[in-house]
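Quick note: the sequence shown uses our numbering, first residue 1381, plus one each step.
Positions of the beta carbon are idealized from the N, C-alpha and C atoms, including for glycine.
If you're wondering where the values come from, they're calculated on a predicted model, not measured in any experiment.
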Amino acid sequence: MIKVTFLGTSDAIPSAERNHTSILLEYKNEAILVDCGEGTQRQFRKAKLNPNKITKILITHWHGDHVLGIPGLLQTLAFSNYNKTLNIYGPRGTKEFMRAILRVFAFQGKYKINIEEVWGKFFENEEFYLETEKMTHGTPCNAYTFVIKGKLRIDKKKLEKTKLKGAIIKRLKEGKNIVYQGKKYLAKNLTYSEDSKKVSFVFDTSFNKNIVPFVKNSDLLVCESTFGVELEDKAERYKHLNVKQTAQIAKQSKSKKLVLTHISQRYNKNPNKILQEAKKIFKNSVLVKDLDEIEVS
Ligand SMILES: [Zn+2]
Ligand SMILES: [Zn+2]
């Protein structure tokens, strides 16, 4: 089971109700923090989560509302005897920005920080992988997906149409291509993946052709929805999505559930307006508030 906790759900200016963006994805021993806006470490306390569990930080881009919580969090981890290697992944420029952050205060951490500027599939183990795609936001910006690989199963109907027999079939389940009686069979043509899960994060960006294929078939699509339909022009100018585009991305990508976040304070009194606009296009939409949790199983 994957648990996603929305620690902060505001846009560039936080409000009394909404903190700057940060989201924690937990799966088994992994705790992956997506963005780390100002005050993130206090949101951990409010959510009764332990920041010492963090294994990776994924940074979408270096606008302040997504990263100003990093120095405070690093310091707290140092005081808490954090003893893992902290892996920080981000777009182009991340190494330079991180070096600057570590210069502006007397950082005394003894743990190792590994910083990588990433594209494509950048992490993979037996169970899951992490992938990124470039967004369009006027500054280098990554969208991310977290994918649990699931087990490969044999597609029996497709197998019946072949002459394959015997123990060699097992190799297909391992994802290996096989040669049988002089003919080559590709594993991907005779198998399907079961229990695979995908969670996608899209912050901040104007609409672009990379988004839909990248987030295709997400079980959970977490997407910025900074502007309502009435501010379409403004969204375009500031290289953000308006909620109509957000909902269309969910629909076109055949995602199962859409989470609206990065909410502007102009909708504080009536966030329902944004939600209703999304629901007109994509029914299974939710709008989160700080500390909400969503499970994917
Ligand atoms: Zn932002
Ligand atoms: Zn931004």
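Item, Value
"Cβ shell of cysteine 1603 (< 6 Å), same chain only, five flanking positions each side left out", "Val1582, Thr1626"
"Those residues which DSSP pairs with cysteine 1603 across a bridge", "Val1582, Leu1640"
"Segments assigned alpha helix (DSSP H), at least 4 residues, entirely inside the segment 1435-1471", "1444-1447, 1450-1459"
"Opening and closing residue of the beta strand (DSSP E) in which asparagine 1616 lies", "In the sequence as displayed, the identity of residue 1616 is glutamate instead of asparagine. Taken as a continuous stretch (DSSP letters only), glutamate 1616 belongs to no beta strand (DSSP E), being part of the alpha helix (DSSP H) at 1612-1617."
"6 Å Cβ shell around lysine 1537 - same chain, five flanking residues per side excluded", "none"
"Assumed close pair isoleucine 1403, leucine 1387 - CB separation to whole angstroms, cut-off 8 Å", "6 Å"
"Whole-number beta carbon distance between leucine 1438 and tyrosine 1491, since they are thought to touch under 8 Å", "That pair is no contact at about 18 Å."
"First and last residue of the uninterrupted alpha helix (DSSP H) at valine 1592", "1591-1595"
"Endpoints, alpha helix (DSSP H) assigned at alanine 1523", "Element bounds for alanine 1523: not the alpha helix (DSSP H) but the beta strand (DSSP E), 1522-1528."
"Segment contact flag, the segment 1554-1572 with the segment 1597-1617, C-beta cutoff 8 Å, min 3 pairs", "no"
"Closer than 5 Å: residues whose CB approaches a heavy atom of ligand 2", "His1443, Asp1584"
"Opposing strand residues paired with valine 1676 [DSSP bridges]", "Ile1382"
"Bridge partner(s) assigned by DSSP for glutamate 1504", "Tyr1509"
"Segment contact flag, the segment 1531-1549 with the segment 1468-1483, C-beta cutoff 8 Å, min 3 pairs", "no"
"Check: aspartate 1575 C-beta below 7 Å from any heavy atom of ligand 1", "no"
"When Leu1640, Arg1551, Gly1470, Phe1502 are compared against phenylalanine 1662, the one with the closest alpha-carbon", "Leu1640"
"Coarse secondary structure for arginine 1533, derived from DSSP in three states", "strand"
"Cβ-based neighbour list, lysine 1556, same chain, cut-off 8 Å, excluding 5 preceding and 5 following", "Ala1567"
"Same chain, Cβ closer than 6 Å to lysine 1659, five either side skipped, listed in chain order", "Ser1665"
"Environment of lysine 1577 [buried if 16+ CB atoms lie within 10 Å]", "buried"
"Cα-Cα separation, leucine 1552 to threonine 1440", "37 Å"
"Test item: CB-CB of threonine 1420 and lysine 1464 under 8 Å", "no"
"Exposure of valine 1559, with buried meaning 16 or more beta-carbon neighbours within 10 Å", "exposed"
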